[in-house]
Each structure stands twice: as structure tokens, then as C-alpha cells.
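Comments concern the structure below.
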Amino acid sequence: MAIKLQNVTKSFGQLTVIDNVSLEAGDDEFLVLLGPSGCGKSTILRMIAGLETVTSGEIHLGGKRVDQLPPSDRDMAFVFQSYALYPHMTVRRNIAFPLIMRQFRWWFHVPFIGDYFKRRIENSPEVRGLVERTADTLALTKVLDRHPRTLSGGQRQRVALGRAMVREPSAFLMDEPLSNLDAKLRTAMRAEITQLHQRVGGNFVYVTHDQIEAMTMGTRIALMRDGHLQQYGTPREIYEKPANTYVARFIGTPPMNLIDAEVEGMTVRIGSSVLPLPDKAERPGGNSRMKVWLGLRPGALAIVPPGQGKSLPGTVTLVEHVGAESLISVKLSGVHTAHDDDGGLTDEVMVSVPGYSELRVGEAVGIDCLLKDFSLFEKDSGVRVGGRAAEDFLAGGRVGTIRTAS
Amino acid sequence: MKHNSTARTLAVLVLLGVAAFPLYWMLVTSLTPSERLFDATPNLLPTLSQIGTYAAAFTETSLRQWLINSLIVAVGTTVLSILLSVLPAYALSRLTFNGKLLLGFALFMTQMLPEAMLVVPLYDIFTKLSLLNTLLGLILANTAFTVPVVTWILKGAIDGVPSEIEEAARVDGCSRLGIVLAVVVPLIAPTLAAAAVIAFFHGWNEYVFAQTFISDDALRTASVGLASFVGELSTPVHTVMAVGFIYTLPAVVFYLFVQRYVVAGMTTGGVKG
Numbered sequence: 000m001a002i003k004l005q006n007v008t009k010s011f012g013q014l015t016v017i018d019n020v021s022l023e024a025g026d027d028e029f030l031v032l033l034g035p036s037g038c039g040k041s042t043i044l045r046m047i048a049g050l051e052t053v054t055s056g057e058i059h060l061g062g063k064r065v066d067q068l069p070p071s072d073r074d075m076a077f078v079f080q081s082y083a084l085y086p087h088m089t090v091r092r093n094i095a096f097p098l099i100m101r102q103f104r105w106w107f108h109v110p111f112i113g114d115y116f117k118r119r120i121e122n123s124p125e126v127r128g129l130v131e132r133t134a135d136t137l138a139l140t141k142v143l144d145r146h147p148r149t150l151s152g153g154q155r156q157r158v159a160l161g162r163a164m165v166r167e168p169s170a171f172l173m174d175e176p177l178s179n180l181d182a183k184l185r186t187a188m189r190a191e192i193t194q195l196h197q198r199v200g201g202n203f204v205y206v207t208h209d210q211i212e213a214m215t216m217g218t219r220i221a222l223m224r225d226g227h228l229q230q231y232g233t234p235r236e237i238y239e240k241p242a243n244t245y246v247a248r249f250i251g252t253p254p255m256n257l258i259d260a261e262v263e264g265m266t267v268r269i270g271s272s273v274l275p276l277p278d279k280a281e282r283p284g285g286n287s288r289m290k291v292w293l294g295l296r297p298g299a300l301a302i303v304p305p306g307q308g309k310s311l312p313g314t315v316t317l318v319e320h321v322g323a324e325s326l327i328s329v330k331l332s333g334v335h336t337a338h339d340d341d342g343g344l345t346d347e348v349m350v351s352v353p354g355y356s357e358l359r360v361g362e363a364v365g366i367d368c369l370l371k372d373f374s375l376f377e378k379d380s381g382v383r384v385g386g387r388a389a390e391d392f393l394a395g396g397r398v399g400t401i402r403t404a405s
Numbered sequence: 000m001k002h003n004s005t006a007r008t009l010a011v012l013v014l015l016g017v018a019a020f021p022l023y024w025m026l027v028t029s030l031t032p033s034e035r036l037f038d039a040t041p042n043l044l045p046t047l048s049q050i051g052t053y054a055a056a057f058t059e060t061s062l063r064q065w066l067i068n069s070l071i072v073a074v075g076t077t078v079l080s081i082l083l084s085v086l087p088a089y090a091l092s093r094l095t096f097n098g099k100l101l102l103g104f105a106l107f108m109t110q111m112l113p114e115a116m117l118v119v120p121l122y123d124i125f126t127k128l129s130l131l132n133t134l135l136g137l138i139l140a141n142t143a144f145t146v147p148v149v150t151w152i153l154k155g156a157i158d159g160v161p162s163e164i165e166e167a168a169r170v171d172g173c174s175r176l177g178i179v180l181a182v183v184v185p186l187i188a189p190t191l192a193a194a195a196v197i198a199f200f201h202g203w204n205e206y207v208f209a210q211t212f213i214s215d216d217a218l219r220t221a222s223v224g225l226a227s228f229v230g231e232l233s234t235p236v237h238t239v240m241a242v243g244f245i246y247t248l249p250a251v252v253f254y255l256f257v258q259r260y261v262v263a264g265m266t267t268g269g270v271k272g
């Protein structure tokens, strides 16, 4: 079922933490809310779940407005960062809990009598079967009768997933569910959640600050910053056509290099080098000069001998070997770069070269800009120049506010 | 390491001795022949031939009835205190409402009033409500004193229950009352047990109200019964000590019964620590 946020705003007193966000995820979409800590992504998720009220705006699920409904009536399951299992219940009861709640009657509150009826529901063939099938899917069969405190982190997280799955909800909401796991387990669980999405379908809304999770799991990413939506699109769109310098620097490891440049007609001037732009390049209209940030991924720069062709002169400042590739930091002479979108200027770029680089710190090199895959951003506003991306994701009302990086 | 553990064991033994000695002294005194009671050298070992004092305590006094009455009052106070405190404690911990601070403070204020000061007004109220000379009246009076304490203790425990667990229950379809009863109460079981101990001891030991509100012999509690032995001219030391010893035992047994619930770590494993 489609999830739609329409001009959603959330304020705590005078403080606005979510400012007029609109987005829409279609059926069976895996939507990732991505951003740094404190950007408001978890607040959006909690508003979708009904754990936070909406100050203004509307939330729709499958065409039905849900923002006024209590969490239990929204047909959504929530997986918490801290798992939030019921420590006094066995794994079996934890998973069965939402099903027991569906058949809950007021007299279940009465001690002993309530326990008897809850146990009866838990042991009914229907609930038992469903719980055991879920446990089987998540490899939890052997621990069904144990308590959460006896389980490992990964198992606890799977119990939390099981509790969500067993309800067969219209939407799964997950708040950084993997951030408490170690790196190896996180990779395994990432694959499990992706497979779960493929298997059970339904909408997934997944909050993370980890761009790798976002890129690998999401079918659509909403990148947030300070309560504002920066870009909403597929992982590929966001990676290849970032809407502004903030997105450009946030997505990709190492991040995109932003090089001080000037575009005039079909050429771009970097320092004293003038390079031709490809015919189909996104660029400002007309022939007037325009100051820009030229965005190039570390792979779109090449290290050449100093002085070769139109290469930019520089000096190696750091060499990092990461196995399949080496990351080389080069300080350019006479050319500024933006270290990050709100930081000051530096003159360094990062270049990735395949294999083990023999370069040494202090060595003079030349940097070739491979103008095949690149982005141009307005110097002052940081917004993408002439690109289709911004217009694309604005079309269809999927995005309300684009805040420029400044 | 070994040195540390020996020192710790010694410290525990000393504390245990300090705590248990009065009880032992009562036992020894109750089992010491009358002529040796006031010896210059205290007798530290019980004389087992005096065990008949205990049989006599039951046959010659109304001890059995007093103990039953005390038990009714203590259990009644405990159950009622817990029942009446859970929801206010939850409200003080989790809900936001006008006058919350004032309410919490008012609960504290009740603890500042001495029991003796309330005897007269309560007497008047109980007369009008026909609660005078009833165990129910005594239970209500005791509960009025224990509820604020128990509420504050439980509030502290509920503060420690991770809010995500409650939110998970909300998403899973639990009502607010359901959350309190099915999720919060089991998680604060150790504190509930500790609060129950406090309420039970209060009900079991209470003297001023029991002495004032109960005039019927058959409704006397053990605390009042025990005091009744102390006469103007003579005090039967053996009987007082024997009854005193017996009077202490149920409280100890109750504590031993609930102390296994007073263990930390119940919430371990629910959320990532």
C-alpha cells in the first residue's frame, strides 16, 4: 500500500524539527529515510507509526488518512533500534503478542483468568502455526521457549523482525534496526531484510544514517538534513545526479570532490586549465560565464605524471590502501575545492586508483579530470545546475521542499 | 582477591549478627528460667526445658487470634496499597497533566504528618462510616499511609522501564491499561515485591491506630496484644519474649518469600543495553 506524506510539519514548541515534508512511496516500495543524527528521519518514522503526533499535514496509507488514528489501528509494524522486546516473555510469546492483542478482551486484564486466555490463544493451532512458521523463516525455532536476555544481539533483532512479520502488516517501519549489531552481522542482517522485503512485499520504511544500507536496501531514498528533505529518488538518481552539494558529499565513500570552476559555453575552466564539456552535458543555458562547483567522484579523477596535457598540478598528501583500491589525497596548486558543503575551502581532492599505489607522500603529480560522469552545482546556492534530476523528482509532487546546501 | 572475599564475608557476618542478635536474645530470654533472668552474667544459651513457654503463649493468651488479625491487616494493607498505587505511579511517571508536580508533592506531604495527629480526625471519620472497631477500618487507615510511599517507589521503577517497550506494545495493539498490566507491571516485579514488603511490615507493625480504633478483644492485632502484657505491677517477661519472638517470625517468613523477586536484572535483554 502506498504511503504518502503531504506537507508534514512537526514542531516541539517553537522548534520545528520537520519542515513541510512531502513524499510518496508506491506499493511494495522500500523507502529509506537517510540523514545524519538529528535530521528528523526518526521523527518522520514515528509520525508514520503514530508514536508522535503531526503538527500539520497529512499521512495516508493506501489512500486512507491515518495521521489521526492510534498506532494500533494503522496496520503497521515497528522495529526499534533497541529491539524493544518484552523481556519477561519468551520468544514465542514475544512473536505471538500482536496476534494475542488482536483477540484481546477486557477480562484478559484479570490476573490468572487473562493469563489462561492468552495462553489459549498462543496455543491455538492458527497462532502457533503462524509463530512457528515465522520463527522457522528467521531461524529462531530452537530459541522459541527462551527469554530475550539469553539471546545474542542478532537473534534479538530477528525476534523483533518476527514480531513485526507475524502481523502481516501493510507497512514495516524500521528505526535503525541494525545499528546495534557488529559489522559482520549487520551485513548478514541487511541481506536478510532485503530478502524479507522481496518475499513478503508490503511497504518498508527504513531509517538509517548509513548510506551503504540506504544504497543497498532502498528502492527509493529520502535524504534529510535539519528537518528538510534534500532529495528524494532512487539510489542511482541520488548517486549519479545529486540535487545539491550536500547530497553530493553525503552519498558515496569517499565523497564527491567539489572543485572550484567556471563554465562558459561548452568549456569549463579549472585554475588555468580549460577543458571541453561533452556535448550532452548538463550545463547552464546560454554562453555567459558562471561560477560553479564541479563535482567529480574520486574514480573520475586520474593521476598522471606532473605537467602532462591539461592536468592540474598537485602534491600527494596522503595514501590509503584499502585493498582493491588505493585512495590518494592530492593538494592542488592554484585550485580551490570545497571540503564539505558547509566547511571552509581546502585545496585537496581525493582520487581512487585501482590496486596498490606506489605513490609517496610529497610526490608531485598531475590530476586529470575525466569529464564523463560529473555534476555541476551553482557556486552560491549549491543547487545542481541544469540537471534533470531536480525537475524529475519535483514532478509528480513527490517532494515538497528542497533546501539548498549552504 | 581472596583477602577481599574473606573481609567481605566477615563484614556480612558482623552485620548479620547485629541484625539477628535481638531476635536471638528474645529467644534466649523466653527460654531462661525466671530465677536466672536477672543474673549478673547474662545467659547466652537457651534452656530447652523451658520450651513449654511457647505452648503456654498459645493456650493461655489469644495469640493465635491476634496473629490472624495482624495477618489480615497486613495482607489487606499490602494488596490494597499495591492495587491503589500502580496506576497513580504510572500516571506520575508517564503522563503529562496539569498539577502533576503538585500531586507528587502532595503525596510527599502526607508523609510529613505524624500518625498520632491523624488519630482524632480519623476516629471521627471512622465513627461516621461505621468503620470503627473493624479490621477493614484499620486496613484503610494503614493503606492511606503506605499508598504515597508505594506510589513513589513504583514511579521510580516505572521511570526505568524503557519507553520503546511501551511503544512497541502500543504498535502491537495494546491499550494503555493493557500496557500497564501486561508489560509494565511484570517488568517492575522486583520493585513491586520491595514495595509489598514495606506495606506488609507497616500493616504488621502498626500500633497507634490498632490501639485506638479497636476495642473488641477478638479484633486486636498482635502489636496491641503484645503491649497488653506490660502491666503496671508486673510484666511476664517469658511470655512477652515468646510472643514477641513468634510475632516477628511471620514478617521474616514473608520477607523470605518475596525476597527472591527482589532481584535486579528483570529488564535485561529487552532493549539493547
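So the protein sequences, as listed, match chains A and B.
Residue numbering for the first sequence follows numbering that gives the first Met the number 0, starting at 0 and increasing by one per position.
Residue numbering for the second sequence follows numbering that gives the first Met the number 0, starting at 0 and increasing by one per position.
For glycine and all other residues, C-beta sits at the position ideal for the given N, C-alpha and C.
Every value quoted in this text rests on a predicted model; they were computed, and no experiment measured them.
So residue i contacts chain B; which residues on that side make the cut at Cβ distance below 8 Å?
{"i": "residue 75 of chain A", "result": "170"}
{"i": "residue 115 of chain A", "result": "The premise fails here: residue 115 of chain A is roughly 14 Å from chain B at the closest Cβ pair, so nothing lies under 8 Å."}
{"i": "residue 50 of chain A", "result": "166, 169, 170"}
{"i": "residue 171 of chain A", "result": "Those within 8 Å of residue 171 of chain A in chain B number zero; the least Cβ separation is about 11 Å."}
Could you check which residue in the options has the C-alpha nearest to that of residue i?
{"i": "residue 290 of chain A", "options": "A/13, A/324, A/335", "result": "A/335"}
{"i": "residue 112 of chain B", "options": "B/83, B/143, B/130", "result": "B/143"}
{"i": "residue 84 of chain B", "options": "B/207, B/256, B/16, B/180", "result": "B/180"}
{"i": "residue 102 of chain A", "options": "A/89, A/111, A/121, A/88", "result": "A/121"}
{"i": "residue 17 of chain A", "options": "A/292, A/4, A/184", "result": "A/4"}
{"i": "residue 45 of chain B", "options": "B/64, B/30, B/59", "result": "B/30"}
{"i": "residue 158 of chain A", "options": "A/84, A/45, A/370", "result": "A/84"}
{"i": "residue 151 of chain A", "options": "A/192, A/218, A/81", "result": "A/81"}
{"i": "residue 366 of chain A", "options": "A/39, A/271, A/379, A/69", "result": "A/271"}
{"i": "residue 195 of chain A", "options": "A/330, A/173, A/92, A/21", "result": "A/173"}
{"i": "residue 326 of chain A", "options": "A/298, A/303, A/305", "result": "A/298"}
{"i": "residue 254 of chain B", "options": "B/131, B/41, B/74", "result": "B/74"}
{"i": "residue 319 of chain A", "options": "A/329, A/106, A/312, A/310", "result": "A/329"}
{"i": "residue 188 of chain A", "options": "A/137, A/252, A/88", "result": "A/137"}
{"i": "residue 177 of chain B", "options": "B/165, B/98, B/227", "result": "B/165"}
{"i": "residue 167 of chain B", "options": "B/157, B/48, B/182, B/155", "result": "B/182"}
{"i": "residue 124 of chain A", "options": "A/95, A/262, A/34", "result": "A/95"}
{"i": "residue 224 of chain B", "options": "B/195, B/210, B/49, B/235", "result": "B/210"}
Per the DSSP calculation, residue i is bridged to which residue(s)?
{"i": "residue 15 of chain A", "result": "A/10"}
{"i": "residue 262 of chain A", "result": "A/267, A/289"}
For residue i, return the contacting residues in chain B, with the cut-off set at a CB-CB distance below 9 Å.
{"i": "residue 189 of chain A", "result": "By Cβ distance, chain B contributes nothing, its closest Cβ being about 18 Å from residue 189 of chain A, past 9 Å."}
{"i": "residue 11 of chain A", "result": "Here the premise fails: no neighbours, minimum Cβ distance about 13 Å."}
Kindly list, in the order they appear in chain B, the residues whose Cβ is closer than 7 Å to that of residue i.
{"i": "residue 100 of chain A", "result": "171, 172, 173"}
{"i": "residue 79 of chain A", "result": "163, 167"}
{"i": "residue 97 of chain A", "result": "171, 172"}
Is the Cβ of residue i closer than 9 Å to any Cβ of chain C?
{"i": "residue 197 of chain B", "result": "In summary, chain C is missing from the structure at hand, where the protein chains are A and B."}
In terms of residue numbering, what span does the alpha helix (DSSP H) encompassing residue i cover?
{"i": "residue 126 of chain B", "result": "114 to 127"}
{"i": "residue 290 of chain A", "result": "Element bounds for residue 290 of chain A: not the alpha helix (DSSP H) but the beta strand (DSSP E), 289 to 295."}
{"i": "residue 246 of chain B", "result": "236 to 258"}
{"i": "residue 334 of chain A", "result": "That residue, residue 334 of chain A, is in no alpha helix (DSSP H); it is neither H nor E in DSSP."}
{"i": "residue 120 of chain A", "result": "112 to 122"}
{"i": "residue 224 of chain B", "result": "221 to 227"}
From the beta carbon of residue i, is the nearest beta carbon of chain A less than 9 Å away?
{"i": "residue 185 of chain B", "result": "yes"}
{"i": "residue 177 of chain B", "result": "yes"}
{"i": "residue 7 of chain B", "result": "no"}
{"i": "residue 188 of chain B", "result": "yes"}
With 9 Å as the threshold, decide whether the Cβ of residue i is near any Cβ in chain B.
{"i": "residue 340 of chain A", "result": "Annotation note: pLDDT 49 at residue 340 of chain A (below 50); position unreliable, coordinate value reported separately. Chain B contact via Cβ: absent."}
{"i": "residue 254 of chain A", "result": "no"}
{"i": "residue 376 of chain A", "result": "no"}
{"i": "residue 208 of chain A", "result": "no"}
{"i": "residue 203 of chain A", "result": "no"}
{"i": "residue 71 of chain A", "result": "yes"}
{"i": "residue 111 of chain A", "result": "no"}
{"i": "residue 166 of chain A", "result": "yes"}
{"i": "residue 359 of chain A", "result": "no"}
{"i": "residue 162 of chain A", "result": "yes"}
{"i": "residue 320 of chain A", "result": "no"}
Counting along the chain, where does the beta strand (DSSP E) carrying residue i start and finish?
{"i": "residue 196 of chain A", "result": "That residue, residue 196 of chain A, is in no beta strand (DSSP E); its alpha helix (DSSP H) goes 182 to 199."}
{"i": "residue 212 of chain A", "result": "Premise fails: residue 212 of chain A lies in the alpha helix (DSSP H), 210 to 216, not in any beta strand (DSSP E)."}
{"i": "residue 210 of chain B", "result": "Per DSSP, residue 210 of chain B belongs to no beta strand (DSSP E); it is in the alpha helix (DSSP H), 207 to 212."}
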